[in-house]
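Trainee: Let me give you the structure first, and then I'll get to my questions.
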Amino acid sequence: MARNLNTCKPWQKKKAGLLPLGLVLVSFSALADTPPFSLDSPWLMGDWGGYRQKLADDGVDFQVGYTMQSAANLAGGYRTATTMRYADQWTFGSTLDLDKLLNWQGGTFQATITNRTGQNLTSHINDPRTGGLSNVQGISARGDYLRLTQFWLNQSLFNNWLDVKLGRVTTNEDFDTAKLGMFQNWAMGSGQPGHWRNDRWFNAPISQWGGRVKLNLPEDLYLQVGIYNQNKVNNTKANGFRFDMRHGEGNLVPMELGWQPKLGADGLQGNYRLGGYYSSTSGGNYSSWHDGKYGKRNHAYGGYLLAEQRLTATGGDNTRGLGINFQYIMNDHRTSKLDNYQSLALTWAGPFDARPKDEIGIGMARIHVNHDYAKMRNEQNQDKGVSDYHDMSYMPLQKGSEWNYEVYYNVKATRWLSIRPNLQLITKPGGVDQVQDAFVGGIAGDITF
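The opening residue of the sequence shown carries number 859 in this note's numbering; numbering runs sequentially from there.
This is the structure:
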């Protein structure tokens, strides 16, 4: 299966966003073996007269998905008026099992295209001169356009002791990949290094040329290292299907040691990852800022810890019960605006016997601004001779920590439809003292076609 990839424009853009849905409904309904919207099918459009399962058995699996996230400012923030914003993502993918198709033992090929559209509430609750730190609609990040997100080959070798992946890849599909929680706020969830070092570590839907080598060790251990070509044009609209490697700025090299045990009689799944990264791309050293320029430029580095564990099982079912997720990120003080991050989340899968597939989640996260960055901004204001926050030429100081909280209830309405209302609280948005705490209400949904 494809990795989990996870802003609307004016009304004309919304109309365009409905076109893929219409095409999917028209083309698939003619092939469906069961009526559309069958509650017993994992896909909204059914099994295509049995062809879909047959293709999967022969090594060809298709993924078509739609994810939406809406958010309204209920109170506080920079703009205190209640405002609703909506963002979505279409995902079209295919996984080829090359062993079944070509007798190519251990080979897997993945191709995925994503299209994001929408508007993001985050810019409304933060001071526009600084922007935010977190994102209350994670699906709206990284731009509104169609792009190639995955195009890679993975080869398992030596009886699956070694995995090698090469192609157009995303960093978070392999590194710091969390498995618990369905939070809308991206301060909780997977791929956190890419949120707080997003000028070096590019998560999905951005792809880049790169690869990963993974050594599968005994006792549920593994060690992996990757290399990803860093090129900021990969995050521009004109380069959604970029294949050349010109204008590269350096490489990101992450390394990760992981342990994925199944503990106790119920086989409770754990997911423990300790990693670090180095980027050869140079950036300004904030502490060296003087007379309007950086005195030094340095490479970047950082580290992370992800610890997840299912704690209980319900009636022997280890997919139901309590789970916990803790994450910690450290970035270097020289070049990183955000130098550390921590989060803690609890999930309760299958909370009621009548709703065994539903889930409740609650999480909190702290994002800290590098003191040297705040000091640099203060010096820039002094150079301009401004000190009044209400002067639009003043650059508000981002300092200390922004805290994010979220609680959600995921309703697994059918095997192919999930609906997820949520509430979020963002204290000190953007790390700016003058911006009021924001209380946000949202609803997210996922459809598997």
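Glycine included, each C-beta is placed from N, C-alpha and C at the ideal position.
1. For chain C, is any of its Cβ atoms less than 8 angstroms away from the one on residue 1242?
2. Does residue 1098 come out as helix, strand or coil in the three-state DSSP assignment?
3. Per DSSP, what kind of secondary structure is residue 1237 in: helix, strand or coil?
4. Counting C-beta neighbours from all protein chains within 10 Å, is the total for residue 1296 16 or more, i.e. buried, or is it exposed?
5. Could you check which residue in 1183, 1206 and 1265 has the C-alpha nearest to that of residue 1171?
6. I need the boundaries of the beta strand (DSSP E) containing residue 1112, first residue and last residue.
7. From the DSSP output, read off the bridge partner residues of residue 1166.
8. Determine the burial state of residue 950: buried for a count of at least 16 other Cβ atoms within 10 Å of its Cβ, exposed for fewer.
9. Does residue 1072 pass the burial test, meaning 16 or more other C-beta atoms within 10 Å, or should it be called exposed?
10. Any idea what DSSP makes of residue 910, helix, strand or coil?
11. For residue 1041, which residues from the same chain have a beta carbon less than 8 angstroms from its beta carbon, with the 5 sequence-adjacent residues on both sides left out?
12. Select from 1113, 1127 and 1140 the residue whose C-alpha is nearest the C-alpha of residue 1162.
13. Decide if residue 1091 is buried, meaning its Cβ has at least 16 other Cβ atoms within 10 Å, or exposed.
14. Which residues share a DSSP beta bridge with residue 1260?
15. Starting from residue 956, follow the alpha helix (DSSP H) in both directions and report where the run begins and ends.
16. Can the beta-carbon of residue 947 be found less than 8 angstroms from the beta-carbon of residue 970?
17. In this structure, does DSSP put residue 1232 in helix, strand or coil?
18. Out of 1018, 1256 and 1198, which one is the CA nearest neighbour of residue 963?
19. Using the C-alpha atoms, what's the distance from residue 1198 back to residue 1226?
20. Between the alpha carbons of residue 1127 and residue 990, how many angstroms are there, rounded?
21. Between the stretch 1100 to 1107 and the stretch 1011 to 1025, can you find at least three pairs of beta-carbon atoms closer than 8 angstroms?
Mentor: Answer, in terms of the structure:
1. The structure shown contains no chain C, having only a single protein chain.
2. Within the sequence shown, the letter at position 240 stands for residue 1098. Residue 1098 falls in the coil class under three-state DSSP.
3. Position 379 of the sequence shown, counted from the start, is the residue given in the question as residue 1237. In this structure, residue 1237 counts as helix in the three-state DSSP scheme.
4. Along the sequence shown, one-based indexing puts residue 1296 at 438. Buried, because 16 or more other Cβ atoms sit within 10 Å of the Cβ of residue 1296.
5. Within the sequence shown, the letter at position 313 stands for residue 1171. It is 1206 whose Cα lies nearest to the Cα of residue 1171.
6. Locating residue 1112 in the sequence shown gives position 254, counting from the first residue. 1108 to 1117 is the extent of the beta strand (DSSP E) around residue 1112.
7. On the sequence shown, position 308 is the one that residue 1166 refers to. In DSSP, residue 1166 forms a bridge with 1129 and 1183.
8. Within the sequence shown, residue 950 is the residue found at index 92, counting from 1. It counts as buried.
9. If you number the sequence shown from 1, residue 1072 lands on position 214. Its Cβ being crowded by 16 or more others within 10 Å, residue 1072 is buried.
10. Within the sequence shown, residue 910 is the residue found at index 52, counting from 1. Three-state result, residue 910: helix.
11. Here residue 1041 refers to the residue found at position 183 of the sequence shown. Taken in chain order, the residues that qualify are 996, 1047, 1203, 1219, 1221, 1264, 1266 and 1280.
12. Along the sequence shown, read from residue 1 onward, the residue named residue 1162 stands at position 304. Of the candidates 1113, 1127 and 1140, the one whose C-alpha sits nearest the C-alpha of residue 1162 is 1113.
13. Locating residue 1091 in the sequence shown gives position 233, counting from the first residue. Answer is exposed; the Cβ neighbour count stays below 16.
14. Walking along the sequence shown from the start, residue 1260 turns up at place 402. Beta-bridge pairing links residue 1260 to 1225.
15. Counting from 1 along the sequence shown, the entry for residue 956 is found at position 98. 956 to 960 is the extent of the alpha helix (DSSP H) around residue 956.
16. In the sequence shown, the residue the question calls residue 947 occupies position 89. In the sequence shown, the residue the question calls residue 970 occupies position 112. In this structure, residue 970 does not lie closer than 8 angstroms to residue 947 by Cβ.
17. Counting from one through the sequence shown, the residue named residue 1232 turns up at place 374. Residue state, collapsed to three classes: helix.
18. Counting from one through the sequence shown, the residue named residue 963 turns up at place 105. Of 1018, 1256 and 1198, the residue nearest in Cα terms is 1018.
19. For the purposes of this step, residue 1226 is taken as residue 368 along the sequence shown, with counting starting at 1. For the purposes of this step, residue 1198 is taken as residue 340 along the sequence shown, with counting starting at 1. Using only the alpha carbons, I get a separation of about 6 angstroms.
20. Residue mapping note: residue 1127 aligns to position 269 of the sequence shown, counting from 1. Residue mapping note: residue 990 aligns to position 132 of the sequence shown, counting from 1. The alpha-carbon atoms of residue 1127 and residue 990 are separated by roughly 34 angstroms.
21. no
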